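S.K.:
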Amino acid sequence: FKQEKQIILTDFNHIQSDNDTLKFTFEYNGSINANFCYLDIPYEMRQEKMQFAGNINIERIYHFQTPDYLLLTPENYWYPRPGTGYSNTDAGWQQAYFNRYNLQVKTLPGLTAVSQGNVSEKEGIYTFLSKYPMQNMTLAIGKYSRDSITVDSVTYSMYYIKENNPQFQYYTQIGDTLAGLIRDEQENIERKIHLTYPFDELNIVEVPGHFASFSRSWTQAQEMQQPEMVLFPEKGIYSDWFDINLRKQKHLKWSGRREISELEQEMRTFWDFTDEFTSLNTSQKYAISKLSISTSNRTYNPYYIYPQFYNFRYNIYSTRWPIAGRMIELFLENRFDDNENWQRENYGITNIEKCNIELSKRTFDEILADEKNRNLLNHFLLLKGYTLFSEAALNVGLINLRDSIFNIMKRQNFDNVNFENLLDSIELMSNTSFDNIIENWNKPSNLPQYIVGPPKLTRYFYEGDDYYEMEMYISNVSDYDGIIRIEIPHGELRPLETFEEEKKRINHNDRMLELKAHQTKKVVSQWNNIPGWINVHTLISGNLPNTVNHIERRHEKIYLNKETQEGDFVVNNTAFEVPGEIIVDNEDSLLFSVKSNVKGGYLSKLIDKQKENESKYRGFKWWRPPVDWTPIVGYGYHGEGIRSAMVIKNGNGESYATWKVPIPEPGHYDVFHYVFKNGEFKNGKQGEYYFKVKYDGEEEDAYIHLRGRSNGWEQLGTYFFNQDTIEIELKNNASGLRSITADAVKLVKREDY
Numbered sequence: 001f002k003q004e005k006q007i008i009l010t011d012f013n014h015i016q017s018d019n020d021t022l023k024f025t026f027e028y029n030g031s032i033n034a035n036f037c038y039l040d041i042p043y044e045m046r047q048e049k050m051q052f053a054g055n056i057n058i059e060r061i062y063h064f065q066t067p068d069y070l071l072l073t074p075e076n077y078w079y080p081r082p083g084t085g086y087s088n089t090d091a092g093w094q095q096a097y098f099n100r101y102n103l104q105v106k107t108l109p110g111l112t113a114v115s116q117g118n119v120s121e122k123e124g125i126y127t128f129l130s131k132y133p134m135q136n137m138t139l140a141i142g143k144y145s146r147d148s149i150t151v152d153s154v155t156y157s158m159y160y161i162k163e164n165n166p167q168f169q170y171y172t173q174i175g176d177t178l179a180g181l182i183r184d185e186q187e188n189i190e191r192k193i194h195l196t197y198p199f200d201e202l203n204i205v206e207v208p209g210h211f212a213s214f215s216r217s218w219t220q221a222q223e224m225q226q227p228e229m230v231l232f233p234e235k236g237i238y239s240d241w242f243d244i245n246l247r248k249q250k251h252l253k254w255s256g257r258r259e260i261s262e263l264e265q266e267m268r269t270f271w272d273f274t275d276e277f278t279s280l281n282t283s284q285k286y287a288i289s290k291l292s293i294s295t296s297n298r299t300y301n302p303y304y305i306y307p308q309f310y311n312f313r314y315n316i317y318s319t320r321w322p323i324a325g326r327m328i329e330l331f332l333e334n335r336f337d338d339n340e341n342w343q344r345e346n347y348g349i350t351n352i353e354k355c356n357i358e359l360s361k362r363t364f365d366e367i368l369a370d371e372k373n374r375n376l377l378n379h380f381l382l383l384k385g386y387t388l389f390s391e392a393a394l395n396v397g398l399i400n401l402r403d404s405i406f407n408i409m410k411r412q413n414f415d416n417v418n419f420e421n422l423l424d425s426i427e428l429m430s431n432t433s434f435d436n437i438i439e440n441w442n443k444p445s446n447l448p449q450y451i452v453g454p455p456k457l458t459r460y461f462y463e464g465d466d467y468y469e470m471e472m473y474i475s476n477v478s479d480y481d482g483i484i485r486i487e488i489p490h491g492e493l494r495p496l497e498t499f500e501e502e503k504k505r506i507n508h509n510d511r512m513l514e515l516k517a518h519q520t521k522k523v524v525s526q527w528n529n530i531p532g533w534i535n536v537h538t539l540i541s542g543n544l545p546n547t548v549n550h551i552e553r554r555h556e557k558i559y560l561n562k563e564t565q566e567g568d569f570v571v572n573n574t575a576f577e578v579p580g581e582i583i584v585d586n587e588d589s590l591l592f593s594v595k596s597n598v599k600g601g602y603l604s605k606l607i608d609k610q611k612e613n614e615s616k617y618r619g620f621k622w623w624r625p626p627v628d629w630t631p632i633v634g635y636g637y638h639g640e641g642i643r644s645a646m647v648i649k650n651g652n653g654e655s656y657a658t659w660k661v662p663i664p665e666p667g668h669y670d671v672f673h674y675v676f677k678n679g680e681f682k683n684g685k686q687g688e689y690y691f692k693v694k695y696d697g698e699e700e701d702a703y704i705h706l707r708g709r710s711n712g713w714e715q716l717g718t719y720f721f722n723q724d725t726i727e728i729e730l731k732n733n734a735s736g737l738r739s740i741t742a743d744a745v746k747l748v749k750r751e752d753y
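UniProt numbering applies: residue 1 is where the sequence shown begins, and numbers increase by one.
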């Protein structure tokens, strides 16, 4: 053999055939080289300190190798593995494969070894025999004590350093109910993620607080999660759950005047602990630049238990697309853009929308290769996953498709599944071809754009039965075909007449809708209850916002002589046009403009330079509005593909927005302005916008009194216009408000004059 750094090259002097077995023995010793760990992570990130207790910095350490403590994880490459390790030329190094591992360890006196598999110990020699194929192995050796409980078929153990006793003696009342609490928590998470726990052990192992890991683009599992094991920081230093007595006292204090028993205190303390494993995200991490512009990154909770149920059970691999496994995982997990409102409030556009901008400019390979995209990679993969499976979901239904993929994978527990073979199975099941879709990954994406109309809800009564019918118009106004996702999470679908029809149902609460270029569809669905929330995800598109949210509970009642039909109906493209209406939106650069009296200084020029490569649209907090006219995006604003507005801080009226509206013929017109009431109005606050309407050489003052929470068109008044263009001006001197929003104006010709 020959060694080149971390690579052992072995020549067996003959050609290996498929399915041949190779057996060889390595003898090696030495220390772990930490410089080899996380080479795919930017150097600056690896140098960042971790924090606990608010502001105490601690170093990141990736392994421990001392006389009385050892911690080795797969990132340390402490045992031989096929492949190269990190490579900056071939992403195939990211692949992991199921293997059967056995391990024998001799410890120093007084030390305990912890790893995966069935364990036996004799004279300080620990033997671990693999029960299942695993992708990797982890070894911890220390002065461990163990507490365990078996619930149903799973043994739950906690290994903790003896001097770090987590004060279990303060659990004085919970003993008889502990098994039931654990069972309830396991059932809750299994119900939430639609997966069962695959192992017969779960070991929580205390490790030094300096132990660090990073999230990776190709897996949700961080190094804190290993098969059958969760590596938890000593004394729970990043939270106070280890201090059981303190947590009990806190819950007693938080209960206020209501007395709670000691048993309830302990139950709540236990739930605090389990929350560490069932929460997907950690809190935001803020950074303030020298220009006082806030930025933030949302990080994934490294202790989130999901990898135990999915990542360590299923393995999808591809030499061409190493990220295929993660893409399918995100699609099956059905988790879309998290905390969209927070992202928009701070940055103007969401991560999904940033990805669409990039996809329109670059190929998928170019995006994957760009280190700058690492924080967005999950969002790229989610969009590509929905695009990959969109046609199959149209044929068999989105929910049915997810169930079918899960069923295919469940037949291959703890096995390596080739991505291309998996696609072949899905093609047969859904009568779909993926070839053209994957071929298009080598090109920038075309971005269709959609108009999503508001839902109309009706309650119908027919022959002693009643049901709710929801009707929506959705139009593709671009030159590109597209597919969108419609999600109605709280609706209960009206059952079809026969069991056979119900079995064949494709369009469930979560479904896909195809729209050809310049096609409009009326989408009609029937429900047993009021559906409530409707989320329309436009996926890979030019829409801003990418997701349009509606909530509709108002409805009219109609008695029928003939039952209505549900379905998707192609209709005339004029469905969104209303005769006699003239609308000028703030996105119309020819007919809409703003003027500001803000004087630009050196600081503002620096900020403008920093913003050059950012989105046109900015973040907006209603309690701290911008001093200059600023473009913002939100589903509550008016628009077709882009729902936007211009916002400015209330002032002295020297800054204003102007709409120039062409008048097709003289006559009387009702004049409206579109209003979306943001969080400033949530407690019944009222205010007034001040307008000027300029026409025929004259100008009139006009006002809109804003109250309540209803959004939409608010009338300024009725006017007789004679000339071909009039102007409407909104000044930044509103009454009683922090900010003024300029959106769209509408004129409607009156026929009753």
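The beta-carbon is built from N, C-alpha and C at its ideal position, and this holds for glycine as well.
In this text, all values refer to a predicted model and were calculated from it rather than measured experimentally.
#1: Once the 5 residues before and after Gln610 are set aside, which same chain residues still bring their CB inside 6 Å of it?
#2: Can you check whether the CB of Thr547 is closer than 9 Å to the CB of Ser475?
#3: Could you name each continuous beta strand (DSSP E) segment of 3 residues or more that falls completely within the stretch 665-712, going from the start of the chain to the end?
#4: Could you check what DSSP says for Asp628 in three-state terms: helix, strand or coil?
#5: Can you tell me which residues form a DSSP beta bridge with Asn13?
#6: With distance defined between alpha-carbon atoms, name the residue in Thr387, Val693 and Val748 nearest to Ser541.
#7: Alpha carbon to alpha carbon, what distance is there between Lys248 and Tyr101?
#8: Name the DSSP bridge partner or partners of Ser475?
#9: Measure the Cβ-Cβ separation of Val536 and Asn549 and say whether it is below 9 Å.
#10: Excluding sequence positions up to five away, which residues of its chain have a Cβ less than 6 Å from the Cβ of Ile328?
#11: Could you give the distance in angstroms between the alpha-carbon of Ser215 and the alpha-carbon of Glu714?
#12: Taking three-plus beta-carbon pairs below 8 Å as touching, is the stretch 440-456 in contact with the stretch 470-486?
#13: Which residue spans inside the stretch 300-354 form an unbroken alpha helix (DSSP H) run of at least 4?
#14: Buried or exposed: Met512, going by 16 or more other Cβ atoms within 10 Å of its Cβ?
#15: Under 6 Å Cβ to Cβ from Asn431, same chain only, skipping five residues before and after it: list those, please.
#16: Cα separation between Asn586 and Gly567?
#17: Whether or not the stretch 652-664 and the stretch 633-644 are in contact is what I'm after, with contact meaning three or more pairs of Cβ atoms, one per stretch, closer than 8 Å; do they touch?
#18: For the beta strand (DSSP E) that contains Asn102, what are its first and last residues?
#19: The alpha helix (DSSP H) that contains Asn440, what's its start and end?
#20: Secondary structure at Arg46, three-state DSSP: helix, strand or coil?
#21: Below 8 Å on the Cβ atoms is my contact criterion, and I expect Gly453 with His490 to pass it. Report the Cβ-Cβ distance as a whole number of Å.
#22: Measure the Cβ-Cβ separation of Asn678 and Trp622 and say whether it is below 9 Å.
#23: Between which two residues does the alpha helix (DSSP H) containing Trp271 stretch?
#24: Which residues in the same chain have their Cβ closer than 7 Å to the Cβ of Leu428, if we skip the five residues on either side of it in sequence?
#25: With a 10 Å radius around its C-beta and 16 neighbouring C-beta atoms as the bar for buried, classify Lys443 as buried or exposed.
#26: Could you tell me whether the Cβ atoms of Glu581 and Lys685 are closer together than 9 Å?
#27: What are the complete beta strand (DSSP E) segments, minimum 3 residues, inside the stretch 209-265?
#28: According to DSSP, Gln99 sits in a beta bridge with which residue or residues?
#29: Since Tyr314 and Met409 are thought to touch, with beta carbons under 8 Å apart, how far apart are those beta carbons, to the nearest angstrom?
#30: Just reading off the alpha helix (DSSP H) that Glu420 is part of, what are its end residues?
#31: Do you know offhand how far Pro82's Cα is from Ser433's?
#32: Got a sec, what are the start and stop residues for the alpha helix (DSSP H) Ile408 sits in?
M.R.: Well, looking at it:
#1: At Gln610 the pLDDT is 46, less than 50, meaning the model places this residue with poor confidence and gives no usable figure here.
#2: no
#3: 667-675, 687-695 and 698-706
#4: coil
#5: Paired residue(s): none; Asn13 is not in a bridge.
#6: Thr387
#7: 42 Å
#8: Ile451 and Thr520
#9: yes
#10: Ile316
#11: 48 Å
#12: yes
#13: 306-309, 324-333 and 340-347
#14: buried
#15: Asn395
#16: 35 Å
#17: no
#18: Asn102 to Lys106
#19: Here Asn440 belongs to no alpha helix (DSSP H), and DSSP marks it neither H nor E.
#20: helix
#21: Actually they do not touch by this definition, with Cβ atoms about 20 Å apart.
#22: yes
#23: Glu262 to Thr278
#24: none
#25: exposed
#26: no
#27: 229-233
#28: Contrary to the premise, residue 99 reads as Asn rather than Gln in this sequence. The partner list for Asn99 (beta bridge, DSSP) reads Met134.
#29: 5 Å
#30: Phe419 to Ser430
#31: 33 Å
#32: Leu398 to Lys410
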